[in-house]
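According to mature numbering (1 follows the signal peptide of the UniProt record, and there is no 0), the sequence shown holds residues -25 to -1, 1 to 166 in order. Glycine included, C-beta positions come from ideal geometry on N, C-alpha and C. The block underneath contains the structure these notes are about, expressed in C-alpha cells.
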Amino acid sequence: MKGWVGACAVVLAAGSLYGIGAVQAAQNESGAGKLIGVAKAEALALEHASGHVESIELERSGGTRYYEVELDRGATSVEVRIEAYTGKLLGTHSEREDDDDDDDLAAYRDGRPTIGAAKAVEAALAQVPGTATEVDLDEEDGVLIYEVDVRPSGDQARGNAVEVGVDAVDGSIVYADWEHDDDRDDDDDRD
C-alpha cells in the first residue's frame, strides 16, 4: 500500500509541475505577461550587433512572441530576434544586402541624423495610445519617415489599427492612417 501511495505522489507531483509549465506558457502565448516594448528591444538588439535600426516587428512563431530587429550595416544587414516578454536573445542572422532591396534610404546612409526608432514609437504612442507592433524607416519624397504600426488601446481598440508616420529628423507627426474593421456591414449574408 505504501508503494502505491508513493507512486501516486510522484505522478501527482510530476503532473503539477507540467501543469504549472503549461499555464506559464499559456500566459506568455496569450500576452498575459508584459511585453518589453520596442524601445527595449531596440536597445537589446544594439547590445548584440551594431548598425542602424531599419525596422522592428513584433512577430510570433511556434507559440513564441519576439521582436525582429533589422539593422543596416551598409553592405550587410543583421536580423536580431529578441524574446518579447523576457528580452532574451533568440538569435542573430547576417546577410549581404541586395542592391535592389529597399536602397532608397540614401540620405539615412549618408549620415543624416535621425531620432531613432524608440523616439519615433514614443511620438506615435503619444498621438495614438496603444501597443506598437512594427516600426520601419522609409523615405517618402526625400523625407525620412518612421512608419509605426499601432494597435490602439481603450475605446478605440476594437478592430482598429493605425499607421502613424513620424518625421525621422524632428519627431513630428506627419500622418495617422486609421484602418477600421467594421463587422456591422453584414457581408457574411447569414441573415
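**Message:** What does the Cβ neighbour count give for residue 168, buried or exposed, with the cut at 16 atoms within 10 Å?
**Reply:** Outside the shown range of the chain, which is -25 to 166, sits residue 168, and nothing can be said about it.
**Request:** Kindly list the residues whose CB is nearer than 8 Å to the CB of G6, restricted to its own chain and excluding five residues on each side of it in sequence; keep chain order.
**Result:** Along the sequence shown, read from residue 1 onward, the residue named residue 6 stands at position 31. Residue confidence is low: G6 scores 49 on pLDDT, short of 50, so the model does not pin down where it sits. Its coordinate-derived value is still stated next. Within the same chain, G6 has close Cβ partners R40.
**Asked** Can the beta-carbon of V89 be found closer than 9 Å to that of H27?
**Response** Here residue 89 refers to the residue found at position 114 of the sequence shown. Here residue 27 refers to the residue found at position 52 of the sequence shown. Sequence inspection shows Thr at residue 89; the Val mentioned does not correspond to that position. Yes; because the gap between Cβ atoms is below 9 Å, this pair is in contact.
**Asked** Quick one, which of A92, G62, E114, S36 has its alpha-carbon nearest K9's?
**Response** To locate residue 9, count along the sequence shown from 1; it is residue 34. The option with the nearest alpha carbon to K9 is G62.
**Prompt:** Can you list the beta strand (DSSP E) stretches of 3 or more residues lying completely in the segment 31 to 80, in chain order?
**Reply:** 39 to 47, 51 to 58, 64 to 71
**Asked** For E22, which option in R71, V44, D152, V103 has the closest C-alpha, if you only look at C-alpha atoms?
**Response** Within the sequence shown, numbered from 1, the residue matching residue 22 stands at position 47. Nearest option by C-alpha distance: V44.
**Request:** Leaving aside the five residues before and after P104 along the sequence, list all residues of the same chain whose C-beta is less than 6 Å from its C-beta, in chain order.
**Result:** Position 129 of the sequence shown, counting from 1, holds the residue named residue 104. Excluding sequence neighbours, P104 sits near S128.
**Item:** Helix, strand or coil at A24 according to DSSP, with G and I counted as helix
**Value:** Within the sequence shown, numbered from 1, the residue matching residue 24 stands at position 49. Coil.
**Item:** Close Cβ partners of L19 (< 6 Å) along its chain, the five nearest in sequence each way excluded
**Value:** Along the sequence shown, read from residue 1 onward, the residue named residue 19 stands at position 44. Cβ neighbours of L19 beyond the five flanking positions: I57, G62.
**Prompt:** I think A95 touches V110, with their Cβ atoms under 8 Å apart; what is that distance to the nearest whole Å?
**Reply:** As a working note, residue 95 is residue 120 in the sequence shown. As a working note, residue 110 is residue 135 in the sequence shown. That belief holds up - the Cβ atoms of A95 and V110 are roughly 6 Å apart, short of 8 Å.
**Message:** Does any residue of chain C have a CB that is nearer than 9 Å to the CB of L64?
**Reply:** Of the protein chains in the structure, only one exists, and it is not chain C.
**Asked** For residue 176, does the count of other Cβ atoms within 10 angstroms reach 16, so buried, or fall short, so exposed?
**Response** Only positions -25 to 166 of the chain appear in the structure, and residue 176 is not among them; the question remains open.
**Item:** Residue range of the unbroken beta strand (DSSP E) whose run includes L10
**Value:** Start at 1 with the first residue of the sequence shown, and residue 10 comes out as number 35. Note, L10: premise wrong, no beta strand (DSSP E); not H, not E.
**Asked** What separation, rounded to the nearest whole angstrom, lies between the Cα atoms of V125 and A136?
**Response** In the sequence shown, the residue the question calls residue 125 occupies position 150. In the sequence shown, the residue the question calls residue 136 occupies position 161. Straight-line Cα distance between these residues: approximately 6 Å.
**Request:** Can you tell me which of Y121, G38, G49 puts its alpha carbon nearest to the alpha carbon of S25?
**Result:** The count along the sequence shown starts at 1 and reaches residue 25 at position 50. Of the candidates Y121, G38, G49, the one whose C-alpha sits nearest the C-alpha of S25 is G49.
**C-alpha gap between A60 and G91, whole angstroms** = Position 85 of the sequence shown, counted from the first residue, corresponds to residue 60. Position 116 of the sequence shown, counted from the first residue, corresponds to residue 91. The residue asked about is misnamed: residue 60 is Tyr in this sequence, not Ala. Those two C-alpha atoms are separated by around 22 Å.
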